[in-house]
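Letter by letter, the sequence shown follows residues 21 to 253 in my numbering. The structure appears right after this line, and notes come after that.
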Amino acid sequence: MNQLELLWDYQTADIEVERISKEIKSSPERQKLVKYRDYLVEQQETMKRIEDEILTMQDRLEALNDAVHRIEEQIENVQSRLNEKEPESIEEVDRFINDVQRLQNNLADYEAEIARIRKDAANRDHLQHDVKIRAVRTKQDFDKLKAVYDEKYAEMSQRLKAAKAVTEEKAKAITPDYMEKYRVIKQHSFPPLARLSGDKCGGCNMALPAGVVKDVQGGKEIECETCGRLLII
Ligand SMILES: [Zn+2]
Numbered sequence: 021m022n023q024l025e026l027l028w029d030y031q032t033a034d035i036e037v038e039r040i041s042k043e044i045k046s047s048p049e050r051q052k053l054v055k056y057r058d059y060l061v062e063q064q065e066t067m068k069r070i071e072d073e074i075l076t077m078q079d080r081l082e083a084l085n086d087a088v089h090r091i092e093e094q095i096e097n098v099q100s101r102l103n104e105k106e107p108e109s110i111e112e113v114d115r116f117i118n119d120v121q122r123l124q125n126n127l128a129d130y131e132a133e134i135a136r137i138r139k140d141a142a143n144r145d146h147l148q149h150d151v152k153i154r155a156v157r158t159k160q161d162f163d164k165l166k167a168v169y170d171e172k173y174a175e176m177s178q179r180l181k182a183a184k185a186v187t188e189e190k191a192k193a194i195t196p197d198y199m200e201k202y203r204v205i206k207q208h209s210f211p212p213l214a215r216l217s218g219d220k221c222g223g224c225n226m227a228l229p230a231g232v233v234k235d236v237q238g239g240k241e242i243e244c245e246t247c248g249r250l251l252i253i
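Right, here's the structure in full:
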């Protein structure tokens with residue numbers, strides 16, 4: 021066998037390796053596992069977002085509580101001023117009333133915001149709880165499927181290992197420059213070698229110029245000008 025025939029033989033084994041690799045990658049269990057994993061990552065991100073939101077809410081609540089405290093002090097001040105000294109005019113009474121009113125309005129606004137934030141925070145707690153439960157269930161499904169997959173994968177990877185061993189054995193007969201040629205073509209076209217099929221390239225099915233067909237038949241090494249595969253008779 022010449023180098024091209026040996027390379028063809030190697031390619032046959034390599035096609036089997038690629039086929040098993042593809043079978044492993046496209047196994048339904050594996051694809052489902054990838055989906056579960058993506059979903060888990062998504063849940064983790066949601067949890068993180070909720071935690072951040074709750075932290076922001078807690079900061080805002082602290083600020084609001086301080087503000088409420090300050091207003092309560094101000095209201096007490098107004099009241100003790102009133103207790104110390106009776107207002108001397110109607111206008112002064114009005115001013116006191118207005119001050120207290122204004123402070124009480126502010127207080128009501130703050131308290132409304134506090135109530136709103138507490139409600140939002142409670143909603144987020146529920147959401148967080150739901151997300152956690154979903155994540156735990158997904159993890160359980162993931163683990164169950166992973167066990168099934170691992171078993172199946174062990175079998176497939178045994179086959180892959182065996183197929184790779186065959187290619188390695190066949191590669192021994194091929195010189196490095198042919199191996200390199202094969203590797204380079206494989207990057208854009210697989211399988212890298214194509215048989216002549218009449219006057220067509222067996223890889224891409226395009227008709228070849230008569231001169232090229234003749235050269236290949238005469239033993240010249242030529243790559244298909246359409247797909248770049250190395251032609252072999
Ligand atoms: Zn071609």
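Ideal Cβ positions, reconstructed from N, Cα and C, are used throughout, including at glycine. Here the structure is a predicted model, which is why all the values come from computation and not from measurement.
{"Query": "Near ligand 1: T32 beta-carbon under 6 angstroms from a heavy atom", "Result": "no"}
{"Query": "Backbone CA spacing between L180 and V37 [nearest angstrom]", "Result": "6 angstroms"}
{"Query": "Sub-7 angstroms separation of L213 and C221 beta-carbons", "Result": "no"}
{"Query": "From D114, T32, T195, L81, residue whose alpha carbon lies closest to that of I134", "Result": "L81"}
{"Query": "Buried/exposed call for K68, threshold 16 Cβ in 10 Å", "Result": "exposed"}
{"Query": "Which residues DSSP lists as bridging S217, in chain order", "Result": "K220"}
{"Query": "Which of helix, strand or coil DSSP assigns to L250", "Result": "strand"}
{"Query": "Span separating the alpha-carbon of D114 from that of A87", "Result": "25 angstroms"}
{"Query": "Alpha-carbon to alpha-carbon, R136 and S109", "Result": "41 angstroms"}
{"Query": "R249 burial status per 10 Å Cβ neighbour count (16 or more: buried)", "Result": "buried"}
{"Query": "V120 versus E131, E171, E93, residue with shortest Cα-Cα distance", "Result": "E93"}
{"Query": "Residue ranges of each beta strand (DSSP E) within the segment 161–200, 3 or longer", "Result": "none"}
{"Query": "G231: CB within 6 angstroms of a non-hydrogen atom of ligand 1", "Result": "no"}
{"Query": "Cβ pair count under 8 angstroms reaching 3, the segment 26–36 against the segment 183–197", "Result": "yes"}
{"Query": "Own chain residues within Cβ distance below 6 angstroms of D235, not counting five before or after", "Result": "I242"}
{"Query": "Opposing strand residues paired with A155 [DSSP bridges]", "Result": "Answer by DSSP bridge pairing: none, since A155 is not bridged."}
{"Query": "For E65, the first and last residue of its enclosing alpha helix (DSSP H)", "Result": "48–104"}
{"Query": "Unbroken alpha helix (DSSP H) run spanning G231, endpoints", "Result": "230–237"}
{"Query": "Between the CA atoms of D129 and N143 - distance to the nearest angstrom", "Result": "21 angstroms"}
{"Query": "Host alpha helix (DSSP H) of A33 (start-end)", "Result": "23–45"}
{"Query": "Paired residues, beta bridge with A254 - DSSP", "Result": "Here the chain has residues from 21 to 253 only, and residue 254 is not among them."}
{"Query": "Length of the line joining the Cα atoms of L165 and Q78", "Result": "40 angstroms"}
{"Query": "Straight-line Cα distance separating I117 from E65", "Result": "51 angstroms"}
{"Query": "Residue nearest to S46 in terms of C-alpha spacing, selected from M176, A132, H149", "Result": "M176"}
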